[in-house]
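Residue 19 is where the sequence shown starts when you use the numbering used here, and the numbers rise one by one after that. By construction, the Cβ of each residue, glycine as well, lies at the ideal position given by its N, Cα and C atoms. For clarity, every value in this text was computed on a predicted model and none was experimentally measured.
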Amino acid sequence: LELSRAGNQDRAAEQHLHLRIGAHLAGFVSDQHDIYGTDVNLTARIAGLAGPGEFVITAALQDRLAPNLDADVEDLGDCYLKHVAEPVRMYRVGPPGHRPVIPQGQAAQLDLRPTIAIIPFAMRSSEPGQELLGEALADDVIAALSRTSELHVISRLSTTFFRDRVDSVEDIKVHLGASYVLSGVCRASGAALSLFVELIDTKTRHIVWADSLKGQVNGVFSADDELIARMVGAISAAVMHNEVGRAYRHALPTLEGYTLLLSAVALMHRNSPADFKRSREMLEHLVERSRRHPSPHAWLATWHVLLVQQGWSTDQESEARLAMDCTRRALENDPTSSLALTVQGFVLTNLMKDLEGAASCYEAALHINPNESLAWLLTGTLNAFRGKGEDALDASERALRLSPLDPLRYFYDSLAASAAITAGKYERAIELAKRSLKANRTHTSTYRALAIAQSLSDQMDDARDTVRRLLELEPSFTVTQFLARTPARGALASTVADALLRAGLPA
Numbered sequence: 019l020e021l022s023r024a025g026n027q028d029r030a031a032e033q034h035l036h037l038r039i040g041a042h043l044a045g046f047v048s049d050q051h052d053i054y055g056t057d058v059n060l061t062a063r064i065a066g067l068a069g070p071g072e073f074v075i076t077a078a079l080q081d082r083l084a085p086n087l088d089a090d091v092e093d094l095g096d097c098y099l100k101h102v103a104e105p106v107r108m109y110r111v112g113p114p115g116h117r118p119v120i121p122q123g124q125a126a127q128l129d130l131r132p133t134i135a136i137i138p139f140a141m142r143s144s145e146p147g148q149e150l151l152g153e154a155l156a157d158d159v160i161a162a163l164s165r166t167s168e169l170h171v172i173s174r175l176s177t178t179f180f181r182d183r184v185d186s187v188e189d190i191k192v193h194l195g196a197s198y199v200l201s202g203v204c205r206a207s208g209a210a211l212s213l214f215v216e217l218i219d220t221k222t223r224h225i226v227w228a229d230s231l232k233g234q235v236n237g238v239f240s241a242d243d244e245l246i247a248r249m250v251g252a253i254s255a256a257v258m259h260n261e262v263g264r265a266y267r268h269a270l271p272t273l274e275g276y277t278l279l280l281s282a283v284a285l286m287h288r289n290s291p292a293d294f295k296r297s298r299e300m301l302e303h304l305v306e307r308s309r310r311h312p313s314p315h316a317w318l319a320t321w322h323v324l325l326v327q328q329g330w331s332t333d334q335e336s337e338a339r340l341a342m343d344c345t346r347r348a349l350e351n352d353p354t355s356s357l358a359l360t361v362q363g364f365v366l367t368n369l370m371k372d373l374e375g376a377a378s379c380y381e382a383a384l385h386i387n388p389n390e391s392l393a394w395l396l397t398g399t400l401n402a403f404r405g406k407g408e409d410a411l412d413a414s415e416r417a418l419r420l421s422p423l424d425p426l427r428y429f430y431d432s433l434a435a436s437a438a439i440t441a442g443k444y445e446r447a448i449e450l451a452k453r454s455l456k457a458n459r460t461h462t463s464t465y466r467a468l469a470i471a472q473s474l475s476d477q478m479d480d481a482r483d484t485v486r487r488l489l490e491l492e493p494s495f496t497v498t499q500f501l502a503r504t505p506a507r508g509a510l511a512s513t514v515a516d517a518l519l520r521a522g523l524p525a
């Protein structure tokens with residue numbers, strides 16, 4: 019580490035080279051070519067756990083050090099390493115009084131989102147006063163897309179120079195660094211507006227989405243314009259679909275970071291074990307590549323929660339440890355990550371039943387980012403588990419308003435349905451659950467919420483049919499298993515368990 023610091027003295031901060039060092043004390047076998055042994059492989063994994071400029075060791079070596087004399091030692095707890103069955107106790111070490119960690123903030127410079135450029139739409143209208151309509155449309159699309167967390171949107175101050183030009187997609191890619199380009203032509207005739215748009219993947223130069231849309235000129239200047247909402251929803255879905263397809267066609271090392279992240283998030287919300295497994299592989303690969311970025315760690319923690327919720331793991335205690343290890347690493351990388359704080363609350367709620375700890379996480383996330391829709395959604399779920407029905411529904415509805423175009427909208431609708439049940443709004447719960455199932459018919463939690471709402475509103479035939487479909491997806495599911503999984507307690511737990519029993523779910 020001292021050699022590394024010496025080598026960095028005359029370099030600009032962004033050009034510093036930081037070593038990752040892992041050390042372990044064990045025997046090995048060697049010859050003239052290499053050294054061998056299981057502990058050699060373990061040490062390589064330990065080095066991968068260290069961040070840039072960090073030195074991580076095992077307990078076997080830590081026992082030989084005198085804390086605060088030989089080194090400053092921080093206990094990292096039991097850490098899970100790739101391809102190592104059991105957790106390993108780890109320690110971070112450094113010179114006394116100094117912690118050799120890469121300056122925070124540099125990791126956040128890596129944006130794991132695809133970048134989209136919205137070129138102001140060309141106007142094809144002879145009517146006076148319509149010249150700037152194309153720019154107004156582009157402004158509306160940019161504003162709407164900027165509210166999504168999945169895309170990085172380039173400012174119109176940069177894209178306006180490409181209006182009415184014949185620049186190639188390659189030129190736009192080079193000058194703006196765009197992953198996708200949206201362009202189009204609009205025509206106005208009186209109050210009627212027609213728009214043809216196409217979305218191009220700059221890497222392949224393929225059109226991934228195109229459509230002809232109709233609307234009203236006055237609607238362009240309305241915050242609730244349906245034309246913009248339809249367009250933005252289609253763009254988000256097209257990008258997600260395109261990136262998932264790319265992830266299946268190419269080897270993981272060849273994929274962009276944003277392709278890995280978007281695809282992993284999409285695949286973990288499918289009910290296919292193969293897709294779910296692939297999602298974990300993508301996230302683990304991205305963690306290896308972008309170890310200091312909080313998002314891959316946070317989504318890997320989410321993966322462990324969903325593994326239990328889908329009924330694919332019965333070892334809830336082990337999954338909780340793995341998930342908490344992921345959120346710890348995410349927050350070490352960026353203590354101000356609202357996503358990481360939110361996911362830690364998700365883990366505490368669903369796997370550890372620590373509702374007070376979860377509430378603190380959600381509050382911290384919303385203090386950092388008051389518009390973190392996932393934190394509002396999970397706050398609603400938390401309030402539902404506490405039996406605070408109206409508070410649960412208010413927080414959930416706020417989350418829905420903040421994420422009207424989220425590609426994972428089904429997940430928001432599903433959890434909002436549970437909040438509506440607690441508030442006694444059974445028809446709203448049924449509406450939300452059915453809307454969720456329309457987007458994803460393999461999410462077992464949604465069937466549970468729908469069956470409970472139908473049973474509590476005395477729609478027993480519908481409730482029994484919903485339970486039948488639930489058991490087709492999870493044949494061994496019982497009320498006993500539901501009670502073991504849910505963080506709900508007391509009268510609320512008894513009420514929903516009885517509703518499922520009456521709907522035909524086995525005890």
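| Item | Value |
| --- | --- |
| Euclidean distance between Cα positions of Ala382 and Leu151 | 42 Å |
| Classification of Glu374 by the beta-carbon crowding that lies within 10 angstroms, buried from 16 upward | exposed |
| Local conformation of Glu244 per DSSP, three classes | helix |
| As assigned by DSSP and simplified to three states, the class of Phe46 | coil |
| Bridge-paired residues (DSSP) for Met141 | Cys204 |
| Rounded straight-line distance, which links the Cα of Ile75 to that of Pro524 | 50 Å |
| Beta-carbon spacing of Val262, Leu280 below 9 Å | yes |
| Residue from Ser336, Arg310, Ser414, Val102 whose Cα sits closest to the Cα of Asp352 | Arg310 |
| Cβ neighbours of Leu131 in the same chain (closer than 7 Å, five flanking residues each side left out) | The identity of residue 131 in the sequence shown is Arg, whereas the question assumes Leu. Same-chain partners within the cutoff: Glu168, Leu169, His170, Tyr276. |
| Local conformation of Leu194 per DSSP, three classes | helix |
| Whole-angstrom C-beta distance between His315 and Val323, which should lie under 8 Å | Between His315 and Val323 the Cβ distance is about 13 Å, and since that is not below 8 Å, they are no contact. |
| For Leu150, three-class secondary structure by DSSP | coil |
| Test item: CB-CB of Trp321 and Ala282 under 9 Å | yes |
| Classification of Ser313 by the beta-carbon crowding that lies within 10 angstroms, buried from 16 upward | buried |
| Identified DSSP bridge partners for Leu211 | Ala206, Gly233 |
| Helix, strand or coil at Arg227 [DSSP, three-state] | The sequence as given places Trp at residue 227; Arg does not occur at that position. It is a strand residue. |
| Span of the alpha helix (DSSP H), counted from its first residue to its last, around Gly329 | Segment: none, Gly329 is in no alpha helix (DSSP H) and carries neither H nor E. |
| DSSP three-state assignment for Val305, whether helix, strand or coil | helix |
| Per-residue DSSP class, three states only, for Gly40 | strand |
| Gln124 - DSSP class collapsed to helix/strand/coil | Summary for Gln124: the model assigns pLDDT 43, below 50, so the residue's position carries little reliability, and this model does not support an answer. |
| Straight-line Cα distance separating Val365 from His36 | 32 Å |
| Alpha-carbon spacing of Gly405 relative to Ala413, whole angstroms | 14 Å |
| Phe73 (DSSP reduced to helix, strand or coil) | strand |
| Alpha carbon of Leu501 to alpha carbon of Leu418, nearest angstrom | 27 Å |
| Backbone CA spacing between Ala68 and Thr345 [nearest angstrom] | 16 Å |
| 7 Å Cβ shell around Arg482 - same chain, five flanking residues per side excluded | Ala521, Gly522 |
| Asp480 (DSSP reduced to helix, strand or coil) | helix |
| Cβ-Cβ separation, His287 to Asn401 (assumed contact under 8 Å), whole Å | Not really, about 23 Å apart at Cβ, beyond 8 Å. |
| 9 Å Cβ cutoff met for Gly407 and Ala437 | yes |
| Endpoints, the beta strand (DSSP E) within which Ile136 is located | 133-136 |
| Cβ neighbours of Ala126 in the same chain (closer than 7 Å, five flanking residues each side left out) | Here Ala126 scores only 44 on pLDDT, less than 50, and its place in the model should not be relied on; the value that follows carries that caveat. The answer, listed in chain order, is Asp352. |
| Sequence-distant residues of its chain with Cβ nearer than 7 Å to Leu420 (five each side left out) | Asn389, Ser391, Trp394 |
| Run of the beta strand (DSSP E) containing Glu92, from where it starts to where it stops | 90-97 |
| Distance CB(Gly40)-CB(Thr61) smaller than 9 Å | yes |
| Cβ pair Ala471, Ala511 closer than 9 Å | no |
| Exposure of Arg29, with buried meaning 16 or more beta-carbon neighbours within 10 Å | exposed |
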